[in-house]
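Right, one structure below, let's go through it.
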Amino acid sequence: MHLRVPRPRSLAGQLFAMQAVLIAVVVAGYALFTYISDRGQAQDAAGRQARAVSLAIADSPSVLEAIGSPDPTARLQPYAVRVMRDTDVDFVTIMDPEGIRWTHPDPGQIGRPFRGHIERAQRGQTFTETYTGTLGPSVRAVTPVLDDGRVVGLVSAGIKVEEISKRAQEQLTALLGVAAGALLLGAVGTYVINARLRRHTHGMNADELSRMHDYHQAALHAVREGLLMLDGQYRVALINDGGRELLGVAGDVVGASVADLGLPAQLTGALLASEPRVDEVHLTDRRVLVVNTSPVSGGERRGTVVTLRDVTELQSLMGELNSERGFTQALRSQAHEAANRLHTVVSLIELGRAEEAVDFATAELELAQALTDQVVAAVSEPVLAALLLGKTAQANERGVELVVSRESRLDDGLLPPSLPARDLVTILGNLVDNAVDAAQGRVPSRVTVAAYTEAARGGEVSGTVPAAGGGGSELVLRVSDTGAGVDPAHADLVFQRGFSTKPAGEGGRGLGLALVSQAVQRHGGTLTVTEAPGGGARFEARLPLNDPQGRAPAPDAPAGRRAAGGAV
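Counting in this note's numbering, the sequence shown tops out at residue 570, every number present.
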């Protein structure tokens, strides 16, 4: 059974434990090094001190005079005791040339032989050594007392090794005190940093922060909605996979300014705005996005959190729903008209005018059939034919005459799969709706629609969408109205989201033509607006036609087409 030492859970506790271990290792290593170093230095210093004291005694005239007296001990013992006290050495021993002591700290040792080496001193040399004598191990110096070059005595001064070790231990104790102070200071600093760190991390420890980071990364890659985080200088701090896809950015954009991402001007302005934006609709080259921005502040502006939702499909479905709603209203109106006509027929029969009733009903049927035949003869492509029939009824309800031009000719099966019916409904439906709005209330109130194919032109007149390159054929969708027209100064603005010359209604205005521009650009086409021959505006969309193998279908020349004009 072994004992497990629990690890501190908090980051600050781990930092303090690491700091304590680090300080302990440093102090222990430094203490060992200092103890060994200081002990050696203390022994050297003790040896120099003992040598200096012994030389000073040997050179003293009073010592030489005392050695020549009948009783050297009587005069030298008090002198030696006084020197030991004044020079802080542990012993001073003065002896005759044979090593018999005249002085000693322990008077009982006087007259006994000196314990140590004196041979070199007897030859006139001064030396130091470490030797264990009567007082224990000591560092001592032995020097001769000379009289006219003759050795008349010997002097030994020394310091016990125990005292040297005590001095080194005092230095070590001071070092340990400094280490304890450093550890205490580190503990206080760690506590302060821990308190500050826990305020910033909301009390979460390292494990909790690690788990939160893992959840954060998983959530970023899991959500399909776009998430963009900007710092206080409007630089990208974070962007998830959905945000990259919705904004159409690639590569490492973290740290880049929003203004350098190549986004549409209105979307860039929304991201750079200081005030929050709620459910704003913005268009990119291929998508319709709902943008929400929320500033992040903590006493000062720290950045912006941006969420992006793709409503491209939803917007298309809403357009189709609006068309279906218009068709429903038109059918309701036509049903009302049919009921009126039926009542007229019934009334004529009740009045005994059966022949007039038959003539009236036949005329109404021929008129309705002529309307269908005229549209289908010009545009037999089913989606566009159904759209034009519905828009004709809607326009008629609003007092606007919708005309399919004589040059229109669009056979069924001509359009390739690369040009989906939904985009055609978006383009032609919004152009017709915009033209009906402009022509309503004017005299005359007329909208003219042309739909045909022709050989692609090498260049295009100026428009908001770049011209498509290459040859082949093009689908031309042209809608003209008898409204007030478009100011030439606004020709480049009418296709931007939010631009409208009409008052804003429910849900805002200015999105229909922007969606048309987006759909045309997505298929590499061109979109232009010019003045119609009879006044008003003429919008023309040209879409390149290519089959799945990349071959362009044979173009239909406008000349010689079947007539399909007239009011419908």
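Built from N, CA and C at the ideal position, the CB exists for glycine as well.
Relative to the alpha-carbon of L174, which residue among G527, R50, V290, L34 has its alpha-carbon at the smallest distance?
As a first step, residue 174 must be located in the sequence shown, where it is residue number 172. Answer by Cα proximity: L34.
Tell me the rounded alpha-carbon separation between G191 and R213.
Reading the sequence shown from its first residue, position 189 is the one you call residue 191. Reading the sequence shown from its first residue, position 211 is the one you call residue 213. Roughly 27 Å between the two C-alpha positions.
What does a CB cutoff of less than 8 Å around I2 pick up in its chain, not counting 5 residues either side in sequence?
One cannot answer for residue 2 here, as it falls past the ends of the chain, which runs 3 to 570.
With DSSP collapsed to three states, give me the class of L353.
Residue mapping note: residue 353 aligns to position 351 of the sequence shown, counting from 1. Coil.
Tell me which residues share the same chain as V2 and place their Cβ nearer than 7 Å to its Cβ, disregarding the 5 neighbours each side in the sequence.
Residue 2 is absent from the model: the chain starts at 3 and stops at 570.
Which of helix, strand or coil DSSP assigns to D108:
On the sequence shown, residue 108 is found 106 positions in, with the first residue counted as 1. Correct three-state label for D108: coil.
Less than 7 Å between C-beta atoms, sequence neighbours within five positions excluded: which residues of the same chain meet that for M114?
Sequence index remark: in the sequence shown, residue 114 carries index 112 (1-based). Note on identity: in this sequence residue 114 is Arg, with Met being the wrong assignment. Result list for R114: R103, in chain order.
If we ignore side chains and look at the alpha-carbon of each, how far apart do G1 and R411 end up?
Nothing about residue 1 can be read from this structure; the chain reaches only from 3 to 570.
Between the Cα of T309 and the Cα atoms of V283, D46, R288, which residue gives the shortest distance?
Numbered from its first residue, the sequence shown carries residue 309 at position 307. When only C-alpha atoms are compared, the closest one is V283.
First and last residue of the alpha helix (DSSP H) that includes T75?
Along the sequence shown, one-based indexing puts residue 75 at 73. Per DSSP, T75 belongs to the alpha helix (DSSP H) from 74 to 89.
Under 7 Å Cβ to Cβ from R117, same chain only, skipping five residues before and after it: list those, please.
The sequence position of residue 117 within the sequence shown is 115, counting from 1. Leaving aside the five residues that flank R117 on each side, the residues in its chain whose CB is nearer than 7 Å to its CB run, in chain order, G135, T136.
Cα-Cα separation between G234 and E277, rounded to whole angstroms:
Position 232 of the sequence shown, counted from the start, is the residue given in the question as residue 234. Position 275 of the sequence shown, counted from the start, is the residue given in the question as residue 277. Here the alpha carbons of E277 and G234 stand approximately 13 Å from one another.
Three-state secondary structure (DSSP) at P384?
Taking the first residue of the sequence shown as position 1, residue 384 is located at position 382. It is helical.
For a quick check, are the C-beta atoms of I161 and Q51 less than 8 Å apart?
Numbered from 1 along the sequence shown, position 159 holds the residue referred to as residue 161. Numbered from 1 along the sequence shown, position 49 holds the residue referred to as residue 51. Yes. Within cutoff.
Alpha-carbon to alpha-carbon, S482 and L240:
Taking the sequence shown and counting its residues from 1, the one referred to as residue 240 is at position 238. Taking the sequence shown and counting its residues from 1, the one referred to as residue 482 is at position 480. The C-alpha of S482 is placed about 47 Å away from the C-alpha of L240.
Just how far apart, CA to CA, sit D108 and R53?
Within the sequence shown, the letter at position 106 stands for residue 108. Within the sequence shown, the letter at position 51 stands for residue 53. The straight-line gap from Cα to Cα measures roughly 21 Å.
Run the CB neighbour count on N342, radius 10 Å, all protein chains shown included, and call it buried at 16 or more, exposed below.
By 1-based counting over the sequence shown, the position of residue 342 is 340. Under this definition N342 is an exposed residue.
Run through DSSP, which three-state label would F129 get?
Position 127 of the sequence shown, counting from 1, holds the residue named residue 129. If DSSP states are grouped into helix, strand and coil, F129 belongs with the strands.
Can you tell me where the alpha helix (DSSP H) with T270 in it begins and where it stops?
Translated into the one-based positions of the sequence shown, residue 270 becomes position 268. Its alpha helix (DSSP H) spans residues 267 to 274.
Considering Cα atoms alone, identify which of P546, P80, A19, A441 is closest to A539.
What you label residue 539 is simply residue 537 of the sequence shown in a count that begins at 1. The candidate whose alpha carbon is nearest that of A539 is A441.
Exposed or buried, which one is G70 when buried takes at least 16 other CB atoms within 10 Å?
Locating residue 70 in the sequence shown gives position 68, counting from the first residue. With fewer than 16 other Cβ atoms within 10 Å, it is exposed.
Is the shortest distance between the beta-carbon of V180 and the beta-carbons of chain D less than 8 Å?
No chain D is present in this structure, which holds just one protein chain.
When DSSP labels each residue in this structure, what does E164 get in the three-state scheme?
For the purposes of this step, residue 164 is taken as the residue at position 162 of the sequence shown. E164 falls in the helix class under three-state DSSP.
According to DSSP, residues forming a beta bridge with I96:
In the sequence shown, residue 96 corresponds to position 94, counting from 1. For I96, the pairing in a beta bridge is given by DSSP as V157.
If you compare alpha carbons, which of L232, T130, E357 is closest to G305?
Taking the sequence shown and counting its residues from 1, one reaches residue 305 at position 303. The residue with the shortest Cα to Cα distance from G305 is L232.
How about the region 73 to 85 and the region 136 to 152: do they share at least three Cβ pairs that are nearer than 8 Å?
Taking 8 Å as the limit for Cβ pairs, the verdict is that the region 136 to 152 does not touch the region 73 to 85.
For a minimum of 3 consecutive residues, which ranges assigned as the beta strand (DSSP E) are wholly contained in the region 185 to 246?
Correct list: 228 to 233, 238 to 241.
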